[in-house]
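S.K.: Whatever position you read off the sequence shown (first residue = 1), add 15 for the numbering used here.
Glycine included, C-beta positions come from ideal geometry on N, C-alpha and C.
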Amino acid sequence: MTIGRILIANRGEIAVRVIRTCQRLGIEAVLCVSEADRNSLGAQMATRAVCIGPSQPARSYLSVETVVQAAVGYNCDAIHPGYGFLSERADLARLCEDESVIFIGPTAAQIEAVGDKLRARAEAIAAGVPVVPGGPVGSPAEARALAETIGVPLLVKAVGGGGRGMKLVEDLAELEATMDMASAEASAAFGDARVYLERYVARGRHIEVQLLGDGAGHVVHLGERDCSVQRRYQKLVEETPAPHLPPATRDKLLEAAVHFAARLDYRGAGTVEFLYDVARDEFYFLEMNARIQVEHPVTEEVTGIDLVAEQIAIADGQGLRFTQADIALSGAAIECRINAEDPDNGFMPSPGTVTGVTWPAGDGIRVDSHIVAGASVPPFYDSMIA
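#1: Please state the DSSP three-state secondary structure of threonine 338.
#2: Considering only the alpha carbon of each residue, which of Thr122, Phe337 and Arg220 lies closest to proline 258?
#3: With C-beta atoms as the reference, is phenylalanine 275 less than 8 angstroms away from glutamine 71?
#4: In its own chain, which residues sit with a C-beta less than 8 angstroms from the C-beta of alanine 203, not counting the 5 before and 5 after it?
#5: For alanine 348, which residues of its own chain have a beta-carbon under 6 angstroms away from its beta-carbon, when the five flanking residues on both sides are left out?
#6: If we call anything under 8 angstroms between Cβ atoms a contact, is leucine 161 one with arginine 214?
#7: Could you check how far apart the C-beta atoms of valine 9 and leucine 226 are, in whole angstroms? I think they sit under 8 angstroms.
#8: Can you have a look at proline 96 and say buried or exposed, based on whether 16 or more other CB atoms are within 10 angstroms of its CB?
#9: What separation, rounded to the nearest whole angstrom, lies between the Cα atoms of valine 392 and threonine 368?
#10: Do leucine 107 and alanine 324 have their C-beta atoms closer together than 8 angstroms?
#11: Let me check you understand the geometry: is the CB of glycine 41 closer than 7 angstroms to at least one non-hydrogen atom of the ligand SAH?
#12: Among Leu260, Lys172, Leu237 and Leu268, which residue has its Cα nearest to the Cα of phenylalanine 205?
#13: I'd like the span of the alpha helix (DSSP H) that includes aspartate 106, first residue to last.
#14: Candidates Phe100, Ile342 and Pro366: which alpha carbon is nearest glycine 238's?
#15: Have a look at isoleucine 353 and alanine 401 and give me their C-alpha separation to the nearest angstrom.
#16: Of all the alpha helix (DSSP H) runs that stay within the bounds of the region 111-193, which reach a length of 4 or more residues?
#17: In the DSSP assignment, the alpha helix (DSSP H) including alanine 413 goes from what residue to what residue?
#18: Locate the beta strand (DSSP E) running through threonine 255, then write down its first and last residues.
#19: Going by DSSP in three states, glycine 19 sits in which element: helix, strand or coil?
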C-alpha cells in the first residue's frame, strides 16, 4: 500500500470511525480540527491533530484550500472527507489532483455528474433507470403546467438535496409560495436556489443500495438499506435488509443501482437511493450519494466488510478486492441515530457539556460515537452524537 498517512477532513463520529480503520491498517491519521474540537475524542485518537481554523465550519471544515494545504503541509498521501462538509465537493477532488494528493472518493467529474440532482436524474434516464414523474421548472407558469400533469400532492425539492429545501404541496394554490420557501431554504443550505417538482408517493419507502466501484466499470453491491423512518426528511433509523421487499423487486433494484454506477465508471464507495412505491410495487431513482453514508455500519455488520478500508484500497489503486459472488449477507442490522436534541422544543439541537454517558454493550451491539464523559457538544455543527 502506498498510502501511509491520511488527512481526515471531518469531525465527530465519522472522524473516529476512519481513525479506527487507519489504526488497524497501520496508517497514520492526521485529523483536521476546528478550535471547538481541539480536545475531542478524535483529536486524542489521531496520530496528529491539526487546527485548521475557528469553530465556524465555513472558515474551517468547509474551506477546500485550507484542507488541501494542511494535507500538503503535513505530507499526507491522501484525504478522507468522511460524510457531509466537503465530501461531495468536486473542487476538493480537483484540487487534490492538482496537488498530487489522493482523494479517497470518486473523481471530480463523477461528483459533478451525481451531485446535481437534475443532472443525476438525466443520467438515470439515460441509463434506463426509472425516475419519479416530474422535472425542473423555470417559471411559475411552467411549474403550474407540470404540477397539473403530475397532480397533487407533489414535492418541491432542492437540486442540492440532503432533505433541506423539500416541501409538500397539497393544493396548487400553494405552489408558487411553497416554491419560494423551498428556494430560499435551498439557497441558504447549499448556495443553490434551484428547485424541481416530483410526484409525492403517499405509501413510499426510502431504499438505498450500497456500492463499491473500481473506476473502470466494475461495480458490486453490498445489499440494500431501508431508511424510511425519518423526521423532516432527515433519516433516523436504517436497517438491512429492507423488510417486506418482494425478492423480484429487490433483485431489479440492486441491478439498477449497479448499472447506474457502472455506466459512470464510478470509483469508490457510493449509494444509489430509490423511492419504493408500495402500492404499485415500483421503484424510482432519487439520487446518488458520492461518499460513505452515516448508515454504512449496518451494511458492514451483515457483510463483514470494512467499507472505509475498501475506500482506501480503491483509492490506493488496488481496485475491488472481491467479486459480487464473494459477498455474503448474513443476518440483519438496525441503526438508530442519537442526536443531542430537546424533544420538548421541537427537537431543536441542544448543545452543551456531556456530564456522563453510558452506552449499551453486549453481543450484536455496535456504538459509533465521539462522545465521552466531559465532552462538549458545540452549537456549530450537526446535532448527531452517535
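M.R.: Checking against the coordinates, here is how it stands:
#1: In the three-state DSSP reduction, threonine 338 falls in the coil class, being neither helix nor strand.
#2: Arg220
#3: no
#4: Answer for alanine 203: no residue qualifies.
#5: Thr255, Val313, Glu316 and Val317
#6: no
#7: The structure shown does not extend to residue 9, since the chain spans only 16 to 401, so no value can be given for it.
#8: By the 10 Å Cβ count, proline 96 comes out buried.
#9: Those two C-alpha atoms are separated by around 6 angstroms.
#10: In terms of Cβ geometry, leucine 107 and alanine 324 do not form a close pair [threshold 8 angstroms].
#11: For the ligand SAH, the structure offers nothing, since it holds no ligand at all.
#12: Lys172
#13: Bounds of the alpha helix (DSSP H) holding aspartate 106 are 105-113.
#14: Ile342
#15: 5 angstroms
#16: 123-130, 132-141 and 155-165
#17: Because the chain here runs from 16 to 401, residue 413 falls outside it and cannot be looked at.
#18: First-last of the beta strand (DSSP E) with threonine 255: 249-255.
#19: coil
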